[in-house]
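*Asks:* Take this structure first; my questions come after.
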Amino acid sequence: MAAYFKQDGAMKILLDHRADCNKVFNTVCTPLFVALSAGSLKCVKLLVKAGADVKGVGTVTPLIIAANEGLTDFYNCLLEAGADPDVRDDFGHLPIELAAYNNRRKDVEILLLVTSHVPYVRDWSVDGIINFVKSMPSVKDDPMYKMKPDDLKLEGSKAYKRKDYATAVKLYSMAADQCPDDSTLYSNRCLFWLKMGEGDRALSDSGNCRMPATCKELH
Numbered sequence: 118m119a120a121y122f123k124q125d126g127a128m129k130i131l132l133d134h135r136a137d138c139n140k141v142f143n144t145v146c147t148p149l150f151v152a153l154s155a156g157s158l159k160c161v162k163l164l165v166k167a168g169a170d171v172k173g174v175g176t177v178t179p180l181i182i183a184a185n186e187g188l189t190d191f192y193n194c195l196l197e198a199g200a201d202p203d204v205r206d207d208f209g210h211l212p213i214e215l216a217a218y219n220n221r222r223k224d225v226e227i228l229l230l231v232t233s234h235v236p237y238v239r240d241w242s243v244d245g246i247i248n249f250v251k252s253m254p255s256v257k258d259d260p261m262y263k264m265k266p267d268d269l270k271l272e273g274s275k276a277y278k279r280k281d282y283a284t285a286v287k288l289y290s291m292a293a294d295q296c297p298d299d300s301t302l303y304s305n306r307c308l309f310w311l312k313m314g315e316g317d318r319a320l321s322d323s324g325n326c327r328m329p330a331t332c333k334e335l336h
């Protein structure tokens, strides 16, 4: 509640009395996530100083939230605490790509200094990244967003077999948005995350499928 209402004074008292700064509620929410969503830099700094996990829970990270919300002043605090700018969201987007998509040039400038160069963006500069992102099809123009879940799963499986794991994750995430109760989507996406070296995300997906201890190969 202190984070939600930007009550940094109350936050400091709670943390001084050893309140759990990494307590998870509603599956993925932590006090840090709430403070970011509320736009309270003071609360974020207090939480980070107290040892809040800046890596995130499941498939959402503090940097992704900051990039989506345009929290320019929050980046340095998160990055200095060890936040990873190379972690993608469910749809394969980097924080710097999210910032570029929303025309936040200052954000792109900050993230450019710490984000690893990706080969599909030839001009690795502020203008180059913004132009690349703007050249990509919008949601309404992208035919993938009009596909049915079964078709998304089929194309995702094809992407997996050609070792394009980022695309496989994107397609299965889109299918999961339409069919959130389909446990096989999470089971297979768990495997994709493992192939990408994203153990934490794989673990999160394993908890959403009926066989939490295993992630089976696709057939």
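For the sequence shown, our numbering puts the final residue at 336, and the numbers step up evenly by one.
Just so you know, even glycine gets a beta-carbon here, dropped at the ideal spot from N, CA and C.
#1: Can you check whether the CB of T284 is closer than 7 Å to the CB of A339?
#2: Helix or strand or just coil, what does DSSP make of C296?
#3: Assuming A136 contacts A184 (C-beta within less than 8 Å), just tell me the rounded distance between them.
#4: In whole angstroms, give me the CA-to-CA distance for H336 and L271.
#5: Just curious, the alpha helix (DSSP H) that R222 is in, first and last residue?
#6: In whole angstroms, what separates the C-alpha of I213 from that of D133?
#7: Keeping to the same chain, check which residues put their C-beta closer than 7 Å to that of K159; ignore five residues upstream and five downstream.
#8: Could you tell me the alpha carbon to alpha carbon distance between A198 and L188, rounded to whole angstroms?
#9: In terms of DSSP beta bridges, what is C194 paired with?
#10: Taking the straight line between their C-alpha atoms, what separation do you get for C307 and M313?
#11: Would P202 pass as a contact of T232 if the rule is Cβ separation under 7 Å?
*Replies:* Checking against the coordinates, here is how it stands:
#1: This structure cannot settle anything about residue 339, because the visible part of the chain is limited to 118 through 336.
#2: By one-based count along the sequence shown, residue 296 stands at place 179. In the structure shown, C296 sits in coil (DSSP, three-state: anything other than H, G, I, E or B).
#3: In the sequence shown, residue 136 corresponds to position 19, counting from 1. In the sequence shown, residue 184 corresponds to position 67, counting from 1. Taking a contact as a CB-CB distance under 8 Å, the pair A136 and A184 does not count as one, their CB atoms being some 28 Å apart.
#4: The residue given as residue 336 occupies position 219 in the sequence shown. The residue given as residue 271 occupies position 154 in the sequence shown. Unreliable placement is indicated for H336, whose pLDDT of 46 sits below 50; the coordinate value is still reported in the next sentence. Cα to Cα, the separation comes out at about 11 Å.
#5: Along the sequence shown, read from residue 1 onward, the residue named residue 222 stands at position 105. Start and end: 222-229.
#6: On the sequence shown, residue 213 is found 96 positions in, with the first residue counted as 1. On the sequence shown, residue 133 is found 16 positions in, with the first residue counted as 1. Their Cα atoms are separated by approximately 34 Å.
#7: Taking the sequence shown and counting its residues from 1, one reaches residue 159 at position 42. Closer than 7 Å at the Cβ level, and outside the excluded window around K159, lie D125.
#8: For the purposes of this step, residue 198 is taken as residue 81 along the sequence shown, with counting starting at 1. For the purposes of this step, residue 188 is taken as residue 71 along the sequence shown, with counting starting at 1. Taking the CA atoms as reference points, A198 sits about 16 Å from L188.
#9: Within the sequence shown, residue 194 is the residue found at index 77, counting from 1. C194 is bridged by DSSP to nothing; it lacks a bridge partner.
#10: Position 190 of the sequence shown, counted from the first residue, corresponds to residue 307. Position 196 of the sequence shown, counted from the first residue, corresponds to residue 313. Each residue's Cα considered, the two are about 10 Å apart.
#11: Taking the sequence shown and counting its residues from 1, the one referred to as residue 202 is at position 85. Taking the sequence shown and counting its residues from 1, the one referred to as residue 232 is at position 115. Yes, the Cβ-Cβ distance between P202 and T232 is below 7 Å.
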